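Please read the structure below before turning to the comments.
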Amino acid sequence: MSTSSLSKAQQSQEPKRHLGFIDIVFLSMGSQAPFLSILTYGVEAFIIAGFLAPIAIILGTLLVLLNGFVVYELSKRFTKAGGYYTYAFYSLTKRLGFETGWLYVLYSTTYGVAYVFGTTYIIYHILGVNPWIIGLGLLSIASLFAIMGIKISTKYAVFTSLLEIGIMTILAIVFLSSTGFHLYNPLSFHVSLGTLAYAILFGSSIPTGYGSITPVSGEAKDAKKTISRAIITVILLGGLLAAFDIYAIGDHLLFYKISANNVDILHLIENKFGLITFIFVLFAAINDGILGSLGFIIATSRTIFAMSYTNLLPKVFSKFESYKGPTNAVVLSVLLYFLTSLLGLYFINNPFLAFGVLGTIALFSSLFVHVAANFSLIKISIKKFRKRLLQIIIGISAVIFSVFELVNSISSASPIEVYIFMSFIIIGFLAAETLSMIEEENEEEE
Numbered sequence: 001m002s003t004s005s006l007s008k009a010q011q012s013q014e015p016k017r018h019l020g021f022i023d024i025v026f027l028s029m030g031s032q033a034p035f036l037s038i039l040t041y042g043v044e045a046f047i048i049a050g051f052l053a054p055i056a057i058i059l060g061t062l063l064v065l066l067n068g069f070v071v072y073e074l075s076k077r078f079t080k081a082g083g084y085y086t087y088a089f090y091s092l093t094k095r096l097g098f099e100t101g102w103l104y105v106l107y108s109t110t111y112g113v114a115y116v117f118g119t120t121y122i123i124y125h126i127l128g129v130n131p132w133i134i135g136l137g138l139l140s141i142a143s144l145f146a147i148m149g150i151k152i153s154t155k156y157a158v159f160t161s162l163l164e165i166g167i168m169t170i171l172a173i174v175f176l177s178s179t180g181f182h183l184y185n186p187l188s189f190h191v192s193l194g195t196l197a198y199a200i201l202f203g204s205s206i207p208t209g210y211g212s213i214t215p216v217s218g219e220a221k222d223a224k225k226t227i228s229r230a231i232i233t234v235i236l237l238g239g240l241l242a243a244f245d246i247y248a249i250g251d252h253l254l255f256y257k258i259s260a261n262n263v264d265i266l267h268l269i270e271n272k273f274g275l276i277t278f279i280f281v282l283f284a285a286i287n288d289g290i291l292g293s294l295g296f297i298i299a300t301s302r303t304i305f306a307m308s309y310t311n312l313l314p315k316v317f318s319k320f321e322s323y324k325g326p327t328n329a330v331v332l333s334v335l336l337y338f339l340t341s342l343l344g345l346y347f348i349n350n351p352f353l354a355f356g357v358l359g360t361i362a363l364f365s366s367l368f369v370h371v372a373a374n375f376s377l378i379k380i381s382i383k384k385f386r387k388r389l390l391q392i393i394i395g396i397s398a399v400i401f402s403v404f405e406l407v408n409s410i411s412s413a414s415p416i417e418v419y420i421f422m423s424f425i426i427i428g429f430l431a432a433e434t435l436s437m438i439e440e441e442n443e444e445e446e
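Counting in the UniProt record's numbering, the sequence shown runs from 1 upward without gaps.
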């Protein structure tokens, strides 16, 4: 076979289905960055709702399940690579498919880089290391794993995610044992409905790693069962584990009468439980920076691959190598992550502030992508209205929740965050229209 023929064969090659349930669950758990989520979203929920925070996180997890059930249903119908892009492309229109894929790339990139900045802030805050060295170093490690291929990446994710879950479980038990297991009743504490709703918003930000699952559908064994089960498993495991840890920390603070507003969780762990415990916890935070970005680099690359495979991006990004992945799409994803990191470090110059800005943009983009998925489910279910009434109700409920959360989030965000998000929507719309006109002209010429 000639070199050119081999190249064409590689470009049109379908992904190998070699990822099992365990691979996908722990790759996604890594994307969730569980310990880092507790230190950021979990602590914020605690500051807002106080000792009622574990309940707020559980309620947030149940709300995430609403969107999760939508994706659960769609993942059983569409098993190709691309996830949310694929759902919109085949269920709605090509233009909405492009816009969804475009916004998913924004979501996954900003979300992955946000976790790099979260870890950067923690290490800078504790050890005083230069943020540029930390941020670019963490991203370099994640990028190396991504380029080496998904098989190596999933092995790393399974091992380190299991270790991290173990650390978080032990840490919660250590906090509870420090009080002699004097457990408090979170329902005995009360806050206003508005305050609780705001805390639930942060609680719902914790179990969102499942957003990185669907783009790898094309590489999953028995994707109809594997992907759908992994989605529910990751949401429940991540949300309930976070609620357990936040409850344990709250139990400790309440027992020892420590104010939650000024507490530094990492220093609290070091002071109360010693250096060894602190080292393990610091490892979990660093691991989250690597795994969080790695999982979303993989998800970004699979979305770019799917958009290229369906001719909405240049064909060069549809090149696929067995057991390694879409190599050119991975390289492009890595470049996008480094560009975003460099811009954040240069213009914001504060890793914690950068985490907040990118995390907010990621939240907006995620909600947009989920609204598209919700409408996809409604569209494919409405043809069999009576048989699929439950799916339609879930889809409509998820649309209402997602739009409500998006509107409320935008109203409380800074102007620059809203401008960046809206700019990407407009650019995506113009790009989709341009591609549509080019396609129509080509059809007329033929």
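Even glycine gets a Cβ: it sits at the ideal position worked out from N, Cα and C.
These figures come from a predicted structure and were not determined experimentally.
Beta-carbon contacts of residue i that lie in its chain and below 6 Å, excluding the five residues immediately before and after
| i | result |
| --- | --- |
| His370 | Asn67, Ser402 |
| Leu96 | Ala88 |
| Ile231 | Gly68, Val71, Tyr72, Tyr210, Ile213 |
| Val64 | Ser204, Pro207, Ile235 |
| Tyr198 | Ile48 |
| Gly101 | Tyr85, Thr303, Met307 |
| Gly60 | Ile200, Gly203, Ser204 |
| Ile55 | Pro186 |
| Gly334 | Inspection of the sequence shows that residue 334 is occupied by Val rather than by Gly. Closer than 6 Å at the Cβ level, and outside the excluded window around Val334, lie Ser143. |
| Ala284 | Phe35, Glu164, Ile167 |
For residue j and residue i, the rounded distance between their alpha carbons
| i | j | result |
| --- | --- | --- |
| Leu313 | Leu275 | 50 Å |
| Leu92 | Ser188 | 47 Å |
| Ile57 | Glu219 | 32 Å |
| Val62 | Met437 | The amino acid at residue 62 is misidentified as Val; the sequence shows Leu. For Leu62 and Met437, the distance between alpha carbons rounds to 42 Å. |
| Gly203 | Leu332 | 32 Å |
| Lys379 | Leu390 | 13 Å |
| Phe385 | Val399 | 18 Å |
| Leu236 | Ala248 | 18 Å |
| Ala242 | Pro131 | 27 Å |
| Ile416 | Ser376 | 30 Å |
| Ser397 | Tyr156 | 37 Å |
| Val25 | Glu441 | 44 Å |
| Lys94 | Ile425 | 15 Å |
| Leu103 | Ile393 | 25 Å |
| Val113 | Phe98 | 23 Å |
| Ala299 | Pro215 | 5 Å |
| Leu138 | Ile382 | 46 Å |
| Thr40 | Thr109 | 19 Å |
| Phe175 | Thr434 | 57 Å |
| His267 | Leu163 | 21 Å |
| Leu196 | Thr310 | 44 Å |
Neighbourhood of residue i by C-beta, 8 Å cutoff - its chain only, sequence neighbours within 5 removed
| i | result |
| --- | --- |
| Ile22 | Val158 |
| Ser151 | A small fix is needed here, since residue 151 is Lys in this sequence, not Ser. Within the same chain, Lys151 has close Cβ partners His18, Tyr323, Lys324. |
| Ile269 | Leu171, Thr277, Phe278, Val281 |
| Ala223 | Arg17, Ser75, Thr79, Ser217 |
Residue range of the unbroken alpha helix (DSSP H) whose run includes residue i
| i | result |
| --- | --- |
| Arg77 | 53-77 |
| Asn328 | 327-343 |
| Phe305 | 265-309 |
| Gly42 | Element bounds for Gly42: n/a, residue is neither H nor E. |
| Glu405 | 389-411 |
| Pro351 | 351-381 |
| Val25 | 21-32 |
| Phe202 | 193-203 |
| Phe189 | Phe189 -> no alpha helix (DSSP H), and no H or E assigned at all. |
| Tyr90 | 84-91 |
Residue i burial status per 10 Å Cβ neighbour count (16 or more: buried)
| i | result |
| --- | --- |
| Thr226 | buried |
| Asp288 | buried |
| Tyr346 | exposed |
| Val316 | exposed |
| His252 | buried |
| Glu439 | exposed |
| Tyr337 | buried |
| Ile427 | exposed |
| Ile134 | buried |
| Val129 | exposed |
| Ser412 | exposed |
| Phe78 | buried |
Same chain, Cβ closer than 7 Å to residue i, neighbours up to 5 away in sequence not counted
| i | result |
| --- | --- |
| Ala142 | Ile290, Ser293, Leu294, Ile297 |
| Phe255 | Thr179, His182 |
| Ser28 | Gly209, Tyr210, Ser212, Ile213, Ala230, Val234, Gly295 |
| Leu136 | Ser341 |
| Leu171 | Asp245, Val281 |
| Ser322 | Lys16 |
| Tyr184 | Phe51, Asp251, Leu254 |
| Phe145 | Ile152, Ser153, Tyr156, Leu294 |
Residue-level contact to chain D via CB, residue i, 8 Å cutoff
| i | result |
| --- | --- |
| Asn287 | Included in the structure is just one protein chain, with no chain D present. |
Legend entry - Continuous beta strand (DSSP E) assignments of at least 3 residues falling wholly in the region 234-261: none
Inset, instruction - Pick out the complete beta strand (DSSP E) segments inside the region 111-185, 3 residues or longer, and give them in chain order. - result: none
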